[in-house]
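Residue numbers (the numbering used here): 87 to 264.
The following block contains the structure:
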């Protein structure tokens with residue numbers, strides 16, 4: 087029973103010393119309960135899948151990390167990847183709305199001048215198996231990843247090779263597993 091499950095989620099108390107982890111699990115459980123009973127189904131469109139499941143999961147994850155000096159935040163839905171725009175301008179390519187890279191979501195670090203560290207490209211609605219879309223989004227994501235990497239290298243040009251080995255940038259692509 088979905089209503090009983092929702093009540094059980096609300097009635098649970100946090101384990102002392104593990105409040106952040108418990109809140110994260112509670113938030114994810116709420117998301118799952120919402121997705122289970124919600125119309126339209128997450129398999130209807132990519133937008134429904136993102137709005138009802140993917141974006142809330144990212145927000146829940148970041149809630150556990152916001153006290154860091156980096157201050158990560160998530161911008162959903164067709165956010166311009168500024169790293170791509172910066173690199174196109176550096177190559178002498180005129181800014182053009184047709185050439186702006188728009189990701190399904192981006193995680194930025196406010197404490198590092200809004201540095202982009204994660205790009206999200208959802209490859210269709212939940213359960214959709216469109217290999218052409220998966221491959222296209224994967225290629226698109228790799229170009230985004232390279233632009234992010236180059237932007238970090240430009241911004242921190244005096245960093246050591248050891249520092250760059252520690253660098254973590256991410257490309258996330260929810261899609262059907264083959």
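From the three backbone atoms N, C-alpha and C, an ideal C-beta is built for every residue, glycine too.
Buried or exposed (CB count within 10 angstroms, at least 16 for buried), residue 187: buried
Measuring alpha carbon to alpha carbon, tell me which of 119, 182, 209, 169 ends up nearest residue 192. 169
Mind listing, in chain order, the continuous alpha helix (DSSP H) runs of no fewer than 4 residues lying wholly within the stretch 96–142? 105–123, 132–135
Can you list, in chain order, the residues of its chain whose CB lies under 6 Å from that of residue 161, leaving out five sequence neighbours each side? 192
N- and C-terminal bounds of the alpha helix (DSSP H) containing residue 216: First-last for residue 216: undefined, no H or E at that position.
Should residue 179 go down as buried or exposed, given a rule of 16 or more other Cβ atoms within 10 Å for buried? exposed
Taking residue 144 as the reference, give the member of 239, 111, 171 with the closest Cα. 111
As a quick exercise: from 222, 227, 197, pick the residue whose alpha carbon is nearest that of residue 204. 227
Between the beta-carbon of residue 195 and the beta-carbon of residue 157, is there less than 8 Å? yes
Sort out for me which residues DSSP pairs residue 158 with in a bridge. 195
In angstroms, rounded to a whole number, what distance separates the CA positions of residue 131 and residue 175? 34 Å
Among 220, 245, 137, which one has its Cα closest to the Cα of residue 261? 220
When you compare the CB positions of residue 136 and residue 190, do they come within less than 8 Å of one another, or not? yes
DSSP beta-bridge partners of residue 202: 194
Supposed contact pair residue 172 and residue 139 - C-beta distance, whole angstroms, cut 8 Å: The Cβ separation is near 31 Å, so there is no contact.
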